[in-house]
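Q: Here it is: the structure, laid out below.
2 protein chains.
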Amino acid sequence: MNIGEVAERAGLPPKTIRYYEDIGLVKPLRDTNGYRAFRESDMHKLAFLGRARALGFSIEDCRNLLALWEDQHRASADVRSIAKDHLAQIETKIADLQAMRDTLSDLVQACAGDDRPDCPILKTLESSA
Amino acid sequence: MNIGEVAERAGLPPKTIRYYEDIGLVKPLRDTNGYRAFRESDMHKLAFLGRARALGFSIEDCRNLLALWEDQHRASADVRSIAKDHLAQIETKIADLQAMRDTLSDLVQACAGDDRPDCPILKTLESSA
DNA sequence: TCTTGACATTCCAGTGGCTGGAACCCCCAT
DNA sequence: ATGGGGGTTCCAGCCACTGGAATGTCAAGA
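Protein chains in written order, with this note's numbering: chain A, 27 to 155; chain B, 27 to 155.
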């Protein structure tokens with residue numbers, strides 16, 4: 027399988043796949059012409075990576091998840107722990123963003139948005155958000 | 027005012043302030059010894075930037091907000107428009123993160139997290155999230 | 001006066017996770 | 001032979017810093 031087909035099937039851009047090889051996440055074989063030759067197993071790994079990345083896992087998390095996935099003797103606790111940590115980070119991010127949103131939303135509400143210079147948004151940025 | 031004091035008062039690391047000068051957001055004077063000499067006005071700009079960044083505005087947004095702030099004849103509509111666009115992006119990010127959180131939360135719930143290899147998290151990553 | 005230590009300076013490199021682009025090679029159909 | 005659509009490599013850039021090295025400056029204490 028060439029990179030184009032894998033890209034199609036895994037739903038990842040070829041560039042990303044090359045990058046993943048670069049950083050050692052997949053190790054496709056090579057045809058005599060130098061083209062990457064992906065096995066089914068490479069495809070599955072890439073699809074796995076695509077899904078993990080879509081859930082926001084970092085590349086390093088993905089690397090670890092992949093290793094656990096391939097390890098028959100893994101403990102599900104290890105997987106769960108990675109996911110839980112990640113979940114906590116996401117919760118934090120959501121909370122941060124919600125705080126921003128609330129503030130911003132108030133400010134946008136309060137601003138007339140006309141052609142006059144008077145602006146509560148700038149006033150707030152000027153001194154204490 | 028030296029960079030250390032400004033950093034303290036504006037709540038930004040010295041490195042960040044140097045960076046902001048690099049990209050032209052502030053233009054402090056220089057003492058004869060080569061040290062940056064910040065005026066009160068530089069300090070206020072930096073504090074403004076710190077608050078805008080804390081609300082998640084991009085550097086380019088900050089640049090524009092700063093220009094509007096300094097423009098006596100600005101229209102508040104221009105400020106509001108930047109804030110509204112940014113707000114919309116934040117809403118999108120929140121929604122994305124919430125979707126991730128929901129999925130992850132379900133998966134973490136479903137995973138026993140013991141020493142056995144059976145793991146619904148990996149199963150999901152293996153085929154369709 | 002000398003030294004120490006806390007400041008300051010510049011410049012280069014790295015972070016994460018790609019993405020764009022240039023310059024080139026390969027293969028198949030016309 | 002030619003054209004087009006693959007593939008390859010490598011280098012650079014994105015964003016917003018951050019770390020670190022090598023060096024310079026200043027004020028206070030022995």
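Ideal Cβ placement from N, Cα and C applies to all residues, glycine included.
1. Going by DSSP, which residues form a beta bridge with Arg62 (chain B)?
2. Along the alpha helix (DSSP H) that carries Met27 (chain A), what are the first and last residues, could you check?
3. Am I right that Asp87 (chain B) and Ala101 (chain A) are in contact with their C-beta atoms under 8 Å? What's the rounded C-beta distance?
4. To the nearest angstrom, how far is it from the Cα of Ser154 (chain B) to the Cα of His70 (chain A)?
5. Looking only at C-alpha atoms, which of A:Ala36, A:Ile108, A:Ala63 and A:Gln98 sits nearest to Phe74 (chain A)?
6. Verify the CB distance criterion: does Ser102 (chain B) have a CB-CB separation below 8 Å to chain A?
7. Mapping DSSP to helix, strand and coil, what is Ser107 (chain A)?
8. Please report the straight-line C-alpha distance between Glu34 (chain B) and Arg56 (chain B), rounded to a whole angstrom.
9. Just to make sure I have the definition right: I need the residues of chain A whose C-beta is within less than 7 Å of the C-beta of Lys119 (chain B). Which are they?
10. Output yes or no for whether 8 Å exceeds the beta carbon distance between Val134 (chain A) and Ala93 (chain B).
11. Taking contact to mean 3 or more Cβ pairs, one atom from each stretch, closer than 8 Å, check whether the stretch 76-84 of chain B and the stretch 125-132 of chain A are in contact.
A: This is what the structure gives:
1. Stepping through the second sequence from its first residue, residue 62 (chain B) is reached at position 36. Per DSSP, B:Arg56.
2. The count along the first sequence starts at 1 and reaches residue 27 (chain A) at position 1. Per DSSP, Met27 (chain A) belongs to no alpha helix (DSSP H) and is neither H nor E.
3. Numbered from 1 along the second sequence, position 61 holds the residue referred to as residue 87 (chain B). Numbered from 1 along the first sequence, position 75 holds the residue referred to as residue 101 (chain A). About 46 Å; that fails the 8 Å criterion.
4. Here the question's residue 154 (chain B) lines up with position 128 in the second sequence. Here the question's residue 70 (chain A) lines up with position 44 in the first sequence. Between Ser154 (chain B) and His70 (chain A), the C-alpha separation is close to 11 Å.
5. Locating residue 74 (chain A) in the first sequence gives position 48, where the first residue counts as 1. Among A:Ala36, A:Ile108, A:Ala63 and A:Gln98, the Cα nearest to that of Phe74 (chain A) is on A:Ala36.
6. In the second sequence, counting from the first residue as 1, residue 102 (chain B) sits at position 76. Yes, Ser102 (chain B) lies at the interface with chain A (some Cβ there is under 8 Å from its Cβ).
7. What you label residue 107 (chain A) is simply residue 81 of the first sequence in a count that begins at 1. Reduced to three states, the DSSP call for Ser107 (chain A) is helix.
8. Start at 1 with the first residue of the second sequence, and residue 34 (chain B) comes out as number 8. Start at 1 with the first residue of the second sequence, and residue 56 (chain B) comes out as number 30. Each residue's alpha carbon lies about 19 Å from the other.
9. Translated into positions along the second sequence, residue 119 (chain B) becomes position 93. Going along chain A in sequence order, the residues near Lys119 (chain B) (Cβ under 7 Å) are Leu123.
10. On the first sequence, position 108 is the one that residue 134 (chain A) refers to. On the second sequence, position 67 is the one that residue 93 (chain B) refers to. Taking 8 Å as the Cβ cut-off, Val134 (chain A) and Ala93 (chain B) do not qualify as a contacting pair.
11. yes
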